[in-house]
Amino acid sequence: MRTTILITSPEEWTAPGSELFQFAPIIPGGPEWFTKPVPIALLSSVIAIAVCWAAFAKPKIVPQGWQSLGEYAYDFVRDQIARPNLGKDTDRWMGLLLTIFLTVLIWNLMGVIPFIQFPIAAHIAFPAVLAVSVYVIKVYLGVRHHGVRGYLRGVIHLEGLPGWAYGIYAPLILAEVFLTSLFTHFIRLFANMFAGHLLVAFFSSVGFWFLFEQLSPLGAPLGVLGVAVTVLITAFEMFIQFLQAFLFAMLAAMYIASGLHGSH
1 MRTTILITSP
11 EEWTAPGSEL
21 FQFAPIIPGG
31 PEWFTKPVPI
41 ALLSSVIAIA
51 VCWAAFAKPK
61 IVPQGWQSLG
71 EYAYDFVRDQ
81 IARPNLGKDT
91 DRWMGLLLTI
101 FLTVLIWNLM
111 GVIPFIQFPI
121 AAHIAFPAVL
131 AVSVYVIKVY
141 LGVRHHGVRG
151 YLRGVIHLEG
161 LPGWAYGIYA
171 PLILAEVFLT
181 SLFTHFIRLF
191 ANMFAGHLLV
201 AFFSSVGFWF
211 LFEQLSPLGA
221 PLGVLGVAVT
231 VLITAFEMFI
241 QFLQAFLFAM
251 LAAMYIASGL
261 HGSH
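Per full-length UniProt numbering, residue 1 is the first one in the sequence shown, and the count goes up by one each step.
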């Protein structure tokens with residue numbers, strides 16, 4: 001008996017489910033970067049601007065409609081995200097933090113919008129750029145308000161430790177503040193949206209396959225189960241989408257506060 005072994009080169013192998021995150025250029029022969037996530041991200045920005053314009057362009061004493069929604073979002077970001085971290089500097093940074101929260105939330109909700117169904121944050125480049133922007137602001141504020149040496153001293157603050165311990169703990173703290181914090185800021189958002197998109201796609205595919213492709217007595221119950229699980233996971237995913245937008249904006253507020261106050 002002969003056994004045939006197929007060897008696939010690394011260039012040809014793709015991870016299962018990776019096709020959900022690989023997109024061809026929208027314009028044939030056009031820029032390779034202009035794929036599906038780009039217009040969705042632009043649409044998200046337009047939606048965020050339109051919501052804020054409708055809510056705050058002509059405010060009334062008694063808020064109604066879009067103004068009520070906008071004020072609720074503003075109050076939530078101010079009271080739950082900005083004020084606990086920034087204190088007296090809250091109003092100064094509300095514009096940025098409200099923008100970050102709404103942008104990330106709309107990015108995430110794009111994953112459950114029919115015919116779009118792709119959370120922008122599941123493409124790592126988008127949350128990475130947003131996190132790097134916050135990182136640059138943090139470092140700039142720290143150096144501007146405290147100087148390089150003062151900022152580093154405030155970040156490390158290892159009072160009470162013997163001199164030999166500085167050589168061990170100081171590099172770890174500096175790595176956490178200037179490297180690890182940057183990656184964890186966007187990796188958390190990216191990983192949750194990536195995994196959630198995979199789960200929804202998997203169970204919806206199971207439901208479609210057994211209901212319309214694999215017709216059998218056993219297939220129908222499995223298809224109905226797949227659809228039911230898809231609905232439950234989608235509902236849970238919407239909660240995670242809101243939670244991740246909240247956490248991303250919360251970390252942004254914490255990092256801005258660390259730059260202003262010169263502390264870890």
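Cβ atoms here follow ideal geometry from the backbone N, Cα and C, with glycine treated the same way.
For the alpha helix (DSSP H) holding residue i, just list the boundary residues, first then last.
| i | result |
| --- | --- |
| GLY30 | Per DSSP, GLY30 belongs to no alpha helix (DSSP H) and is neither H nor E. |
| GLN64 | Element bounds for GLN64: n/a, residue is neither H nor E. |
| ALA82 | From DSSP, ALA82 is part of no alpha helix (DSSP H); its letter is neither H nor E. |
| LYS138 | 125–156 |
| MET110 | Per DSSP, MET110 belongs to no alpha helix (DSSP H) and is neither H nor E. |
| ALA57 | First-last for ALA57: undefined, no H or E at that position. |
| ILE116 | No alpha helix (DSSP H) holds ILE116; DSSP gives it neither H nor E. |
| ALA121 | Run containing ALA121: none; DSSP gives neither H nor E here. |
| PHE208 | 181–208 |
State the CB to CB distance for the pair residue i and residue j, rounded to an integer number of angstroms; the pair is presumed to be in contact (CB under 8 Å).
| i | j | result |
| --- | --- | --- |
| ALA131 | LEU182 | 6 Å |
| SER44 | ILE120 | 6 Å |
| GLN244 | ASN192 | 5 Å |
| LEU102 | ALA48 | 5 Å |
| MET110 | ILE187 | That belief does not hold up - the Cβ atoms of MET110 and ILE187 are roughly 20 Å apart, past 8 Å. |
| VAL51 | GLY65 | Not quite, the Cβ-Cβ distance comes to about 11 Å (not below 8 Å), so this is no contact. |
Might you give, ordered along the chain, the residues of its own chain that have their beta carbon closer than 8 Å to the beta carbon of residue i, omitting 5 neighbours on each side?
| i | result |
| --- | --- |
| THR35 | PHE23, ALA24, PRO25 and ILE26 |
| GLU32 | PRO25 |
Can you name, in chain order, every residue of its own chain whose Cβ lies under 6 Å from the Cβ of residue i, other than the five neighbours on each side?
| i | result |
| --- | --- |
| ILE100 | ALA249 and ALA252 |
| TRP13 | Low per-residue confidence applies at TRP13: pLDDT is 42, beneath 50, and the placement is therefore not dependable, though the value from the model is reported in the following sentence. Same-chain partners within the cutoff: there are none. |
| VAL62 | none |
| LEU105 | ALA245 |
Which residue wins for smallest C-alpha separation from residue i, given the options the options?
| i | options | result |
| --- | --- | --- |
| ALA128 | LYS138, HIS146 and HIS185 | HIS185 |
| GLY262 | GLY147, GLU176 and MET110 | GLY147 |
| LEU189 | ASP89, LEU42 and LEU247 | LEU247 |
| PHE203 | CYS52, LEU225 and ALA220 | LEU225 |
| TRP53 | LYS60, GLN67 and ALA170 | GLN67 |
| PHE115 | ALA170, LEU98 and PRO37 | PRO37 |
| ALA257 | TYR169, VAL134 and VAL112 | VAL134 |
| ASP89 | LEU141, PRO59 and LYS58 | LEU141 |
| VAL139 | LEU179, PHE210 and PHE126 | LEU179 |
| PHE242 | PHE208, GLY196 and MET254 | GLY196 |
Leaving out five residues on either side along the sequence, give the residues of the same chain with a beta carbon under 7 Å from the beta carbon of residue i.
| i | result |
| --- | --- |
| GLY150 | GLY262 |
| VAL200 | THR230, ILE233, THR234 and GLU237 |
| TYR72 | none |
| PRO16 | For PRO16, the predicted structure reports a pLDDT of 48, less than 50, and the residue's modelled location is therefore unreliable. A value from the coordinates is still provided. Cβ neighbours of PRO16 beyond the five flanking positions: none. |
Output yes if chain D places a C-beta closer than 8 Å to the C-beta of residue i; else output no.
| i | result |
| --- | --- |
| PHE194 | Absent from the structure: chain D. Only one protein chain is present. |
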